[in-house]
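Note sheet for the following structure.
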Amino acid sequence: MSGAPSGRASGAGRRRAAGKKGSKDAAKAAGGNGTRKAVEAAEPERGKMVIARTFKKTVEEVWDLWTTAAGIESWWGSDGFMIRVNRLDIKPGGGFEYATKAIEPAQIEALKLAGLPPTSRGRGTYTEVVPLARLGYKVLVDYIPEIPPYEVQTLVELKKVPEGVLMTVTQEGMHDPVWTQAAATGLDMQISRLVGVLSGSEGVGHERTPGL
Numbered sequence: 001m002s003g004a005p006s007g008r009a010s011g012a013g014r015r016r017a018a019g020k021k022g023s024k025d026a027a028k029a030a031g032g033n034g035t036r037k038a039v040e041a042a043e044p045e046r047g048k049m050v051i052a053r054t055f056k057k058t059v060e061e062v063w064d065l066w067t068t069a070a071g072i073e074s075w076w077g078s079d080g081f082m083i084r085v086n087r088l089d090i091k092p093g094g095g096f097e098y099a100t101k102a103i104e105p106a107q108i109e110a111l112k113l114a115g116l117p118p119t120s121r122g123r124g125t126y127t128e129v130v131p132l133a134r135l136g137y138k139v140l141v142d143y144i145p146e147i148p149p150y151e152v153q154t155l156v157e158l159k160k161v162p163e164g165v166l167m168t169v170t171q172e173g174m175h176d177p178v179w180t181q182a183a184a185t186g187l188d189m190q191i192s193r194l195v196g197v198l199s200g201s202e203g204v205g206h207e208r209t210p211g212l
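Each residue of the sequence shown is one higher than the one before, counting from 1 in the numbering used here.
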């Protein structure tokens, strides 16, 4: 899972997404050790963000982090947030539900300034499931004041390469450049967490918290 809600308002206006390149360029920019990245906001209005990483792991290991509750909870979300997966039905047309909670003062304050609560719930629907290869889903964005709800589509592609596994994540932009920028920052944070889990450097994942 990776989607628009991960960015929320926590990074809006403070970081910039990288420039305009195609998904092929993004894939080429991914380093063999998974430490180099390419994030882009292709167009200002509902454009696309693409991030690619190469891991020295098996496809099964990477797929597991996207398709199990424990795997998702170990890396999903931006810094300063924790998550709990409450429902996971991975099949075309199946859905998922999760709750996120800000746990650090800076994130709590950022959400407060944006008019958002520290705890929120999200849900989405899987649009494509090809085991060990492709995972498509759309997330409902219904938490932005004065903005009608809309959906953001994400596609995760896994491919075996000589170095291990090439993972490419393509995510739709949001309703305006500022929120797309924030979403790009959140996506980058999420994938960095995933890299940490796969490399073993992310010592503690998101803990399950009663009430989430």
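Ideal placement from N, C-alpha and C gives every residue a C-beta, glycine not left out.
Thinking residue i and residue j are a contact (beta carbons under 8 Å), I'd like their distance in whole angstroms, please.
{"i": "E157", "j": "R134", "result": "6 Å"}
{"i": "E61", "j": "L198", "result": "7 Å"}
{"i": "A102", "j": "L88", "result": "The pair is not a contact, with the Cβ atoms about 22 Å apart (cut-off 8 Å)."}
{"i": "E73", "j": "N86", "result": "No, E73 and N86 are not in contact; Cβ-Cβ is about 11 Å, not under 8 Å."}
I'd like the list of long-range same chain contacts for residue i, defined as Cβ closer than 8 Å, with 5 residues on each side in sequence excluded.
{"i": "P131", "result": "W63"}
{"i": "G115", "result": "P145"}
{"i": "A216", "result": "Because the chain here runs from 1 to 212, residue 216 falls outside it and cannot be looked at."}
So residue i is in the beta strand (DSSP E); what residue range does that whole segment cover?
{"i": "K57", "result": "K57 -> no beta strand (DSSP E), and no H or E assigned at all."}
{"i": "E109", "result": "Taken as a continuous stretch (DSSP letters only), E109 belongs to no beta strand (DSSP E), being part of the alpha helix (DSSP H) at 105 to 113."}
{"i": "A102", "result": "95 to 102"}
{"i": "I83", "result": "81 to 88"}
{"i": "L132", "result": "Taken as a continuous stretch (DSSP letters only), L132 belongs to no beta strand (DSSP E), as it is neither H nor E."}
In the structure shown, what three-state DSSP assignment does residue i receive?
{"i": "T170", "result": "strand"}
{"i": "N33", "result": "Since pLDDT at N33 reaches only 40, below the 50 mark, its modelled position is unreliable, and the value read off the structure follows with that caveat. Three-state DSSP puts N33 in coil, outside helix and strand."}
{"i": "T127", "result": "strand"}
{"i": "L158", "result": "strand"}
{"i": "A183", "result": "helix"}
{"i": "E43", "result": "Bear in mind that the predicted position of E43 carries a pLDDT of just 38, short of 50, making it unreliable; the figure below should be weighed with that in mind. Residue state, collapsed to three classes: coil."}
{"i": "I216", "result": "There is simply no residue 216 to check, as the chain begins at 1 and stops at 212 in what is shown."}
{"i": "S78", "result": "coil"}
{"i": "L116", "result": "coil"}
Would residue i and residue j be called neighbours here (beta carbons separated by less than 9 Å)?
{"i": "L194", "j": "R84", "result": "no"}
{"i": "G47", "j": "E172", "result": "yes"}
{"i": "T100", "j": "R121", "result": "yes"}
{"i": "V139", "j": "I147", "result": "no"}
{"i": "V129", "j": "G94", "result": "yes"}
{"i": "T124", "j": "Y143", "result": "At residue 124 the sequence reads Gly, which differs from the Thr that was named. No."}
For the alpha helix (DSSP H) containing residue i, list its first residue and its last residue.
{"i": "A71", "result": "Before going further, note that residue 71 is Gly rather than Ala in the sequence given. Its alpha helix (DSSP H) spans residues 69 to 73."}
Take residue i and list the residues in its own chain whose beta-carbon comes closer than 6 Å to its own, dropping the five residues that flank it on each side.
{"i": "D79", "result": "M189"}
{"i": "K56", "result": "G164"}
Which residues in the same chain as residue i place their Cβ atom closer than 7 Å to its Cβ, once the five residues preceding and following it in sequence are excluded?
{"i": "G71", "result": "D64, L65"}
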